[in-house]
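K.L.:
Here it is, the structure, as structure tokens.
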Amino acid sequence: MSRNLWYRRGLPVLMLMAALALMLALGGCSRQVEIQQASGSQKQIVLIVKSKNGDYWNTLAMGAEAAAKEFGVKLTFDGPESEDEVRGQQELVRQYLAYGMDALILSANDYDQLAPYVDAASRKGVPVIGVDSEVNSDSVSSLIGIDNYEAGREAAGKMKELAGDRGRFIILTSYQGVRNVLQRERGIRDEWSGTPEMEVAETVYCGSDIETCSDRTREALSGSEPVDGLITLSAAASVGAAKEIQRQGLSGEVKLVAFENSQEELEWLQEGVIQATLVQNPFAMGYLSVKTALSAMEGEKVEKRIVTETKIIDSESMFWSDNQKLLFPFVQ
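Numbering follows full-length UniProt numbering, with no gaps: position 171 of the sequence shown is 171.
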């Protein structure tokens, strides 16, 4: 299938996604005003994610907004500009606690450094729901997201299948010390532990900038020993690696198993530069986080851990109807 046909099929959906994301992003710009506008009987939930930018976080916000409308609660969506802005996220939580809210949904940028802010919310009687990322605090009422360890194993199993049980591989990801990343990497290494011919040569960190991820990929591929494939654990790493593999004419020769399903990733998947991508369901995460927050606000017992689905998708299966629902859950 040509890139032009992909655009004809996918672009209207992606334009809708971008428009809705923009509406949500604009809706979170005036924090104090929004909270004050909630009616006296209407519950106020604040959703703070790792970054306001990116398909993943905006899709999560869409799921949360769908639940907020269904259950009649007021939702405010916010987050720092970048996932490495830990202090910025701390300040957002502090400000919202000062303004007042009925529940906080948080995707923490740091496992340890957000914990005191979660504890502060709990002391004020504000239930905290974790989404996507863990926080080192017993005050979190419920955590909603994938099993990152099992996701790592699943991606590693797919690479093992593609590579014929042997090869030298790079793990390319965002930031060192991020708990989700550590769990995914441990899953990869454990999955390959019984196959000595599958070697993790190096874990490379490239932040959240696509060009930096391309640069790190180029450096990895130019080493003295050959690289048979990359597993990329974030959208930026996946797109950056795909661009460099395509630029060097190594599509298919250097295998690429990605995480996430951004617009660019789906294009590279269709063209065969990415062989497979592990897709999460951020829409469901957002929806369930609001639903769970509402239950916690009403004093109901909530599940401590809610695991959402993952699925490996390739260039053929991406157009299956069930997978289209997973890739674009907000389109009926």
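Every residue, glycine too, gets a C-beta built ideally from N, C-alpha and C.
Quick check on this structure: which residue in Gly249, Gly145, Met159 has the alpha carbon closest to the alpha carbon of serine 107?
P.N.:
Residue mapping note: residue 107 aligns to position 107 of the sequence shown, counting from 1. Minimum Cα distance to serine 107 is reached at Gly145.
K.L.:
Nearest-angstrom Cα distance between alanine 235 and serine 141?
P.N.:
In the sequence shown, residue 235 corresponds to position 235, counting from 1. In the sequence shown, residue 141 corresponds to position 141, counting from 1. Taking the straight line from one Cα to the other gives about 28 angstroms.
K.L.:
Would you tell me roughly how many angstroms separate the C-alpha atoms of valine 204 and valine 273, rounded to the nearest one?
P.N.:
Here residue 204 refers to the residue found at position 204 of the sequence shown. Here residue 273 refers to the residue found at position 273 of the sequence shown. Using only the alpha carbons, I get a separation of about 20 angstroms.
K.L.:
Roughly how many angstroms separate the alpha carbons of glycine 157 and phenylalanine 319, rounded to a whole number?
P.N.:
Mapped onto the sequence shown, residue 157 falls at position 157. Mapped onto the sequence shown, residue 319 falls at position 319. Rounded to the nearest angstrom, the two C-alpha atoms are 22 angstroms apart.
K.L.:
Please determine whether the Cβ atom of phenylalanine 71 lies at a distance below 6 angstroms from any heavy atom of the ligand GTP.
P.N.:
Here there are no bound small molecules, and the ligand GTP is not part of this structure.
K.L.:
Just to confirm before moving on: does the CB-CB distance between aspartate 228 and arginine 168 stay below 7 angstroms?
P.N.:
The count along the sequence shown starts at 1 and reaches residue 228 at position 228. The count along the sequence shown starts at 1 and reaches residue 168 at position 168. For aspartate 228 and arginine 168, yes; Cβs fall inside 7 angstroms.
K.L.:
For lysine 311, tell me which candidate among Thr217, Leu288, Glu265, Glu154 has the shortest Cα-Cα distance.
P.N.:
Translated into positions along the sequence shown, residue 311 becomes position 311. Of the candidates Thr217, Leu288, Glu265, Glu154, the one whose C-alpha sits nearest the C-alpha of lysine 311 is Glu154.
K.L.:
Can you give the beta carbon distance from threonine 217 to glutamate 244, rounded, assuming they're within the 8 angstroms contact cut?
P.N.:
Translated into positions along the sequence shown, residue 217 becomes position 217. Translated into positions along the sequence shown, residue 244 becomes position 244. About 4 angstroms; that satisfies the 8 angstroms criterion.
K.L.:
Is there contact here, the stretch 115-124 with the stretch 62-81, by at least three beta-carbon pairs under 8 angstroms?
P.N.:
The answer is no - the stretch 62-81 does not touch the stretch 115-124, with fewer than three Cβ pairs under 8 angstroms.
K.L.:
Measure the C-alpha to C-alpha separation of lysine 291 and proline 282 and round it to an integer number of angstroms.
P.N.:
The count along the sequence shown starts at 1 and reaches residue 291 at position 291. The count along the sequence shown starts at 1 and reaches residue 282 at position 282. Those two C-alpha atoms are separated by around 14 angstroms.
K.L.:
With distances taken from CA atoms, which of Ser238, Gly240, Val128, Lys160 is nearest glutamate 298?
P.N.:
Here the question's residue 298 lines up with position 298 in the sequence shown. For glutamate 298, the nearest C-alpha among the options comes from Val128.
K.L.:
Do alanine 103 and alanine 242 have their CB atoms nearer than 7 angstroms?
P.N.:
Looking up residue 103 in the sequence shown gives position 103. Looking up residue 242 in the sequence shown gives position 242. No, these two residues do not count as a Cβ contact at 7 angstroms.
K.L.:
Helix or strand or just coil, what does DSSP make of methionine 159?
P.N.:
Position 159 of the sequence shown, counted from the first residue, corresponds to residue 159. Helix, per DSSP.
K.L.:
Over the uninterrupted beta strand (DSSP E) stretch that includes tyrosine 111, give me the two end residues.
P.N.:
The count along the sequence shown starts at 1 and reaches residue 111 at position 111. Note, tyrosine 111: premise wrong, no beta strand (DSSP E); not H, not E.
K.L.:
Buried or exposed: aspartate 110, going by 16 or more other Cβ atoms within 10 Å of its Cβ?
P.N.:
Position 110 of the sequence shown, counted from the start, is the residue given in the question as residue 110. Classification for aspartate 110: buried.
K.L.:
For chain C, check one thing: does any of its Cβ atoms lie closer than 7 angstroms to the Cβ of threonine 212?
P.N.:
In the structure shown, chain C cannot be found, because there is only a single protein chain.
K.L.:
How long is the line joining the alpha carbons of alanine 220 and leucine 233, rounded to whole angstroms?
P.N.:
Locating residue 220 in the sequence shown gives position 220, where the first residue counts as 1. Locating residue 233 in the sequence shown gives position 233, where the first residue counts as 1. The alpha-carbon atoms of alanine 220 and leucine 233 are separated by roughly 16 angstroms.
K.L.:
Just list the residues that DSSP pairs isoleucine 171 with in beta bridges.
P.N.:
Residue numbering aside, residue 171 sits at position 171 when the sequence shown is read from its first letter. Thr203, Ile231.
K.L.:
Could you tell me if glutamate 211 is buried or exposed, where buried requires 16 or more neighbouring beta carbons within 10 angstroms of its beta carbon?
P.N.:
Position 211 of the sequence shown, counted from the start, is the residue given in the question as residue 211. Classification for glutamate 211: exposed.
K.L.:
Thinking just about the alpha-carbon of each residue, which of Leu114, Leu75, Asp84 is nearest to the one in valine 93?
P.N.:
The residue given as residue 93 occupies position 93 in the sequence shown. Out of Leu114, Leu75, Asp84, Leu114 has the C-alpha closest to the C-alpha of valine 93.
K.L.:
May I ask which residues mark the beginning and end of the alpha helix (DSSP H) holding glycine 187?
P.N.:
The count along the sequence shown starts at 1 and reaches residue 187 at position 187. Looking at the DSSP string, the run of the alpha helix (DSSP H) that includes glycine 187 is 179-192.
K.L.:
Between Pro226, Lys304, Ile105, Glu253, which lies nearest to glutamine 89 when the distance is taken from Cα to Cα?
P.N.:
Within the sequence shown, numbered from 1, the residue matching residue 89 stands at position 89. Closest option to glutamine 89, Cα to Cα, is Ile105.
K.L.:
How would you call glycine 240, buried or exposed, if buried means at least 16 neighbouring beta carbons within 10 angstroms?
P.N.:
To locate residue 240, count along the sequence shown from 1; it is residue 240. When all chains shown are included, glycine 240 counts as buried.
K.L.:
Please name the residue or residues paired with lysine 255 in a DSSP beta bridge.
P.N.:
As a working note, residue 255 is residue 255 in the sequence shown. For lysine 255, which the question treats as bridged, DSSP gives the partners Gly229.
K.L.:
Helix, strand or coil, according to DSSP, for isoleucine 105 in the structure here?
P.N.:
On the sequence shown, position 105 is the one that residue 105 refers to. Looking at isoleucine 105 - three-state DSSP - the assignment turns out to be strand.
K.L.:
In whole angstroms, what is the alpha-carbon distance linking glutamate 161 and lysine 43?
P.N.:
Counting from one through the sequence shown, the residue named residue 161 turns up at place 161. Counting from one through the sequence shown, the residue named residue 43 turns up at place 43. Whole-angstrom Cα-Cα distance: 49 angstroms.
K.L.:
Can you find the residues in the same chain that come closer than 6 angstroms, C-beta to C-beta, to phenylalanine 71, ignoring five residues on each side of it along the sequence?
P.N.:
Taking the first residue of the sequence shown as 1, we reach residue 71 at position 71. So the list reads Leu294, once near-sequence residues are dropped.
K.L.:
Classify aspartate 147 as helix, strand or coil using the three-state DSSP reduction.
P.N.:
Here residue 147 corresponds to residue number 147 of the sequence shown, with the count starting at 1. Correct three-state label for aspartate 147: coil.
K.L.:
What residues in its chain sit with their C-beta under 7 angstroms from that of isoleucine 170, if we drop five residues either side in the sequence?
P.N.:
Your numbering for residue 170 matches position 170 in the sequence shown. Excluding positions up to five away in sequence, the list reads Ala201, Glu202, Val204, Ala220, Val227, Leu230.
K.L.:
Suppose contacts are defined by Cβ-Cβ distances below 7 angstroms. Is alanine 68 in contact with leucine 60 by that definition?
P.N.:
Position 68 of the sequence shown, counting from 1, holds the residue named residue 68. Position 60 of the sequence shown, counting from 1, holds the residue named residue 60. Contact: no.
K.L.:
Of all the options Val73, Val49, Ala64, Asn58, which has the alpha carbon lying nearest to the alpha carbon of aspartate 84?
P.N.:
Position 84 of the sequence shown holds residue 84. Considering only alpha carbons, the answer is Val49.
K.L.:
Beta strand (DSSP E) containing leucine 75: first to last residue?
P.N.:
Locating residue 75 in the sequence shown gives position 75, counting from the first residue. That run of the beta strand (DSSP E) goes 74-78.
K.L.:
Pull the bridge partners of isoleucine 129 from the DSSP assignment, please.
P.N.:
Here the question's residue 129 lines up with position 129 in the sequence shown. Beta-bridge pairing links isoleucine 129 to Ile105, Ser142.
K.L.:
Return the first residue and the last residue of the alpha helix (DSSP H) that threonine 217 is part of.
P.N.:
To locate residue 217, count along the sequence shown from 1; it is residue 217. Element bounds for threonine 217: 210-221.
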